[in-house]
Amino acid sequence: MARPAPVAVALDAPDLDTAARWAGLVTPHVSTVKIGLELYLRYGPDVVATVRGASGVHVFLDLKLHDIPATVAGAARAVSRLRPEILTVHASAGPEMIRAAVEAAPGTNVAAVTVLTSLGDDDLTAVGMNGTVSDVVRRMSALAVSAGARGLVCSPHEVAAVRAEVGPDVTLITPGVRPAGSDINDQARVATPEEAIQSGADLLVIGRPITRAPDPGAAAARVAASLRRAFPATTP
Ligand code: C5P
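Just so we're aligned, residue 45 is where the sequence shown starts under my numbering, counting upward by one.
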């Protein structure tokens, strides 16, 4: 079996059984499954063990924490017992909060969300942030990495600039990825898996093009195969 592709399948399922079934189908082909806020809040911490099953798949806990440092430290410590590979926090909560999460969850890669892709330049002005989205993404990236974040979440359109800002050692995670020919759904600015990796992404978040396919396992296998074809040396 080839090494799993650097893809985190977003398990945005209506119920736990469906999430677990999707996880089982895609796990041989991808490195990671992503649990979002809705699934976690509905089913609680047990959701992690349920989707992981007996497999070695990495779990990406996308809780996007944002609170005072002591509260986020407590939350990060609580979920670190579930051994997620990745836990997200908001970079905009500041360096002290990011550092608190990193110190509280030493076995987990804390990844900082730079700017939500739902926000545009005008939204940033409205909440009092100076600069365009791309300025703020670069600023947040540098700040988060200085505070100890080992990963950053950004759109595929920003990933090259972020890579130039933070260097090779930070894991760059990009949602908004669509295999050629698939429905873009509500994602405004998308890139193909090959384009995102070419631009410098390390882990691609892909949800509906895989989970809503008639056969999610086959869809995940197709993405993995296309990445192997495009990057034979880096994704064997
Ligand atoms: O189904 P789709 O591939 O659009 O799913 C993308 C996943 O990535 C969803 O879980 C969504 O919440 C998440 N996400 C995103 N854009 C961001 C951050 C996270 O689409 N900026």
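Where is the CB? At the ideal position from N, CA and C, for every residue including glycine.
- CA-CA distance, A186 and V146? Residue numbering aside, residue 186 sits at position 142 when the sequence shown is read from its first letter. Residue numbering aside, residue 146 sits at position 102 when the sequence shown is read from its first letter. If you take the alpha carbons of A186 and V146, they lie about 16 Å apart.
- Output the distance between the C-alpha atoms of I254 and P223, rounded to the nearest integer angstrom. Along the sequence shown, one-based indexing puts residue 254 at 210. Along the sequence shown, one-based indexing puts residue 223 at 179. Taking the straight line joining both Cα atoms gives about 9 Å.
- Task: Identify the continuous beta strand (DSSP E) that holds S185 and give its terminal residues.
- Result: The count along the sequence shown starts at 1 and reaches residue 185 at position 141. Not the beta strand (DSSP E): S185 falls in the alpha helix (DSSP H), residues 177–190.
- Item | Span of the alpha helix (DSSP H) around V92 | If you number the sequence shown from 1, residue 92 lands on position 48. Per DSSP, V92 belongs to the alpha helix (DSSP H) from 90–96.
- Message: Please list the terminal residues of the continuous alpha helix (DSSP H) segment that includes V267.
- Response: Numbered from 1 along the sequence shown, position 223 holds the residue referred to as residue 267. Looking at the DSSP string, the run of the alpha helix (DSSP H) that includes V267 is 260–274.
- Query: What three-state label does DSSP hand V159 in the structure shown?
  - Reply: For the purposes of this step, residue 159 is taken as the residue at position 115 of the sequence shown. Of the three classes helix, strand and coil, the one that applies to V159 here is coil, per DSSP.
- Item | Which listed residue (A93, E202, P50) has its alpha carbon closest to that of T76 | Numbered from its first residue, the sequence shown carries residue 76 at position 32. Nearest option by C-alpha distance: P50.
- In angstroms, rounded to a whole number, what distance separates the CA positions of A63 and L247? Reading the sequence shown from its first residue, position 19 is the one you call residue 63. Reading the sequence shown from its first residue, position 203 is the one you call residue 247. So the two alpha carbons sit approximately 20 Å from each other.
- Cβ neighbours of H110 in the same chain (closer than 8 Å, five flanking residues each side left out): Taking the sequence shown and counting its residues from 1, one reaches residue 110 at position 66. If we look at H110 and ignore the five residues flanking it on each side, its Cβ neighbours are V116, V133, H134, S136, A137, M141.
- Item | Span of the beta strand (DSSP E), counted from its first residue to its last, around D165 | Working through the sequence shown from its first residue, we reach residue 165 at position 121. Here D165 belongs to no beta strand (DSSP E); instead the alpha helix (DSSP H) covers 165–170.
- Message: Check whether the segment 218–237 and the segment 191–206 touch, using three or more Cβ-Cβ pairs below 8 Å as the test.
- Response: yes
- Query: With distances taken between CB atoms, is the gap from L105 to L131 smaller than 7 Å?
  - Reply: Indexing the sequence shown from 1 puts residue 105 at position 61. Indexing the sequence shown from 1 puts residue 131 at position 87. In contact: L105 and L131 (Cβ atoms closer than 7 Å).
- Message: Whole angstroms are fine: how far does the CA of A208 sit from the CA of G192?
- Response: Here residue 192 is taken as the residue at index 148 of the sequence shown, counted from 1. Here residue 208 is taken as the residue at index 164 of the sequence shown, counted from 1. Near 18 Å, if we compare the C-alpha coordinates of A208 and G192.
- Distance, Cα to Cα, V70 vs I79? Taking the sequence shown and counting its residues from 1, the one referred to as residue 70 is at position 26. Taking the sequence shown and counting its residues from 1, the one referred to as residue 79 is at position 35. Each residue's alpha carbon lies about 14 Å from the other.
- In angstroms, rounded to a whole number, what distance separates the CA positions of A257 and A263? Locating residue 257 in the sequence shown gives position 213, counting from the first residue. Locating residue 263 in the sequence shown gives position 219, counting from the first residue. Their Cα atoms are separated by approximately 7 Å.
- Identify the continuous alpha helix (DSSP H) that holds I112 and give its terminal residues. As a position in the sequence shown, residue 112 is number 68, starting the count at 1. It is not in any alpha helix (DSSP H) - I112 carries neither H nor E in the DSSP assignment.
- Item | Integer Cβ distance of V53 from G251, believed to fall under 8 Å | The sequence position of residue 53 within the sequence shown is 9, counting from 1. The sequence position of residue 251 within the sequence shown is 207, counting from 1. That belief holds up - the Cβ atoms of V53 and G251 are roughly 7 Å apart, short of 8 Å.
- Query: Beta carbon of Y87, beta carbon of L60: below 7 Å?
  - Reply: The residue you call residue 87 lines up with position 43 of the sequence shown. The residue you call residue 60 lines up with position 16 of the sequence shown. Taking 7 Å as the Cβ cut-off, Y87 and L60 qualify as a contacting pair.
- Item | Start-to-end residues for the alpha helix (DSSP H) that takes in P253 | Within the sequence shown, the letter at position 209 stands for residue 253. Looking at the DSSP string, the run of the alpha helix (DSSP H) that includes P253 is 252–255.
- Query: If you compare alpha carbons, which of L85, S124, T94, A156 is closest to R182?
  - Reply: Counted from its first residue, the sequence shown places residue 182 at position 138. Of the candidates L85, S124, T94, A156, the one whose C-alpha sits nearest the C-alpha of R182 is A156.
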